[in-house]
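Engineer: In this text, residue positions in the sequence shown follow my numbering: the first is 33, and each later residue adds one.
Where a beta carbon is used, it is the ideal one built from N, C-alpha and C, also for glycine.
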Amino acid sequence: MYELIARNRRMSWLLLAASFALLVIVAVAMTLSLQAGIGGVVVGVVIAGVMTFGAYWKSDAVALAATRAQPASIEEYPQLHNLVEGMAIAAGIPKPRVYVVHDPAPNAFATGRNPENAAVAVTTGLMETMTRTELEGVIAHELAHIRNYDIRVTTIAVATAGAIAIITDLFWRLLWFGGGRSRNNNNQGNPIALIGLLVVVVLAPIAAGLIRAAVSRSRESLADATAVELTRYPTGLRMALEKLADNKAVVHHASHATAHLWIESPLDREDGHEQAKLNSLFNTHPPLSERINTLRRLEGLPPWEGSSGDGSGASGRAGSGAGAAAVGLTSTSVAERGWYPDPTGDPTQLRYWDGRAWTSWVKPR
């Protein structure tokens, strides 16, 4: 664990350096395209340096503002504060600032440059949807990101993308309003101007790639494992993830720039929706089913197959009596793992075959 924290700290400084380099390239390309001269280049580099420092120092404020998170008072949200404080003690970190995002979609995220300057935010939909145990699992996951220093990497990525967007927007405005008069003479056919224009045009994909590179799929899975370590109870987080998987609500004030902060992707990825395919291209999270099944293996449960509405996460409930006695039965006609007609002859239920033997897990037909 300490090795991972050290690696994340190194990754943070590398990302900060890469952010500065990227902003310098943008600034130089913009000034050369506008033929601002060496003075403009110097100004551009200074601006890049200031924006990089700002991206590091105020990264949490940027993320909270982008998601429209509001401070959560302890009087209005006592249970939330109690859970955050308890998990902070378990993680050995200072209690982070607590925020609420007024949105019906259940979700949560953590942000900040270090554990001493961190914040955790949850949506009102999450508090309305989850039980106390499930909410504790989600909070533990977010505080795991803080303890593991994932937050520094992710929030720098958000702020850098925002800075690049501002510079790019400024470039287009200056090019249109300031350079429009000279487009037909000085800038036309100017290779430097064309190269600068090309650099600025491709910055958006580079920024998206930077964010995606900063947040690897393993970070979410590792945060899940750390949350289990903190709570000593994988069932809470597992049931929370199952509820999130079944809930298709989309966070209203979410964007590709901040999507990787949340415990699950806040963007619309439902099959058939117009934006689903585009959003899936920028998805920085491993599939929820993959994370759920990892936790289910810790509990000794069969794979998750969607919700059945009986509180078991649609993976069936433990059998008893004659059904439970079926454990160990073999069948030459059953090979692949899955749900099959109960070999005990009960027509009302299916039983799970693990590939080698019948289990005690059954569910209604």
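1. Beta carbon of ALA255, beta carbon of GLU168: below 9 Å?
2. Just confirm the distance between the C-beta atoms of ALA281 and ALA137, as a whole number of angstroms; I'd bet it's less than 8 Å.
3. Using DSSP with H/G/I as helix, E/B as strand and the rest coil, what is ALA97?
4. Measuring straight from C-alpha to C-alpha, what distance separates VAL133 and GLY81?
5. Does PRO147 come out as helix, strand or coil in the three-state DSSP assignment?
6. Quick one: what does DSSP say ALA61 is sitting in, helix, strand or coil?
7. Give me the residue from ILE196, ARG329, SER321 with the minimum Cα distance to VAL260.
8. Select from PRO266, ASP374, SER321 the residue whose C-alpha is nearest the C-alpha of GLY332.
9. Select from ILE57, GLU274, ASP278, ASN180 the residue whose C-alpha is nearest the C-alpha of ARG145.
10. In the DSSP assignment, find the unbroken beta strand (DSSP E) run with ARG129 in it and report its ends.
11. Just to confirm before moving on: does the CB-CB distance between VAL130 and TYR109 stay below 9 Å?
12. From which residue to which residue does the beta strand (DSSP E) around ARG329 run?
13. My assumption, with CB atoms under 8 Å, is that ALA153 sits in contact with LEU96. Please give the rounded CB distance.
14. Is it right to say ARG164 is buried, meaning 16 or more other beta carbons lie within 10 angstroms of its own, or is it exposed?
15. For the putative contact between ILE121 and ILE178, defined by C-beta atoms under 8 Å, what is the C-beta separation to the nearest angstrom?
16. Which residues does DSSP list as the beta-bridge partners of PHE141?
17. Is GLY377 buried or exposed, if buried means 16 or more other CB atoms sit within 10 Å of its CB?
18. Relative to the alpha-carbon of GLU252, which residue among ALA389, ILE324, PRO373, MET159 has its alpha-carbon at the smallest distance?
19. What number of angstroms, rounded off, separates the C-alpha of ALA59 from the C-alpha of THR99?
20. Note the first and the last residue of the continuous alpha helix (DSSP H) segment covering GLY169.
21. Mind checking whether GLY370 and ALA277 have CB atoms under 9 Å apart?
22. Just to confirm, is the Cβ distance from ASP135 to THR156 under 9 Å?
Structural biologist: With the structure as the only source:
1. Cβ atoms of ALA255 and GLU168: not closer than 9 Å.
2. Contact holds; Cβ gap of about 4 Å.
3. In the structure shown, ALA97 sits in a helix (DSSP, three-state: H, G or I).
4. As the crow flies, the alpha-carbon of VAL133 is around 32 Å from that of GLY81.
5. Look at PRO147 here: in three-state DSSP terms it is helix.
6. The three-state secondary structure of ALA61, taken from DSSP, is helix.
7. Put simply, of ILE196, ARG329, SER321 the residue whose alpha carbon is nearest the alpha carbon of VAL260 is ARG329.
8. The option with the nearest alpha carbon to GLY332 is PRO266.
9. Of the candidates ILE57, GLU274, ASP278, ASN180, the one whose C-alpha sits nearest the C-alpha of ARG145 is ASN180.
10. Counted as a single uninterrupted DSSP element, the beta strand (DSSP E) harbouring ARG129 occupies residues 129–133.
11. Contact check for VAL130 against TYR109 passes: the beta carbons are separated by less than 9 Å.
12. From DSSP, ARG329 is part of no beta strand (DSSP E) but of the alpha helix (DSSP H) over 320–331.
13. With 8 Å as the limit, ALA153 and LEU96 qualify as a contact, their Cβ atoms being about 7 Å apart.
14. Exposure of ARG164 is indicated by the presence of fewer than 16 other C-beta atoms within 10 angstroms of its C-beta.
15. Separation of the CB atoms of ILE121 and ILE178 is rounded to 13 Å, and the pair is thereby denied contact status at 8 Å.
16. ALA153, TRP294.
17. With fewer than 16 other Cβ atoms within 10 Å, it is exposed.
18. Nearest option by C-alpha distance: ILE324.
19. Those two C-alpha atoms are separated by around 27 Å.
20. GLY169: member of the alpha helix (DSSP H) spanning 164–179, first to last residue.
21. No; because the gap between Cβ atoms is not below 9 Å, this pair is not in contact.
22. Yes, the Cβ-Cβ distance between ASP135 and THR156 is below 9 Å.
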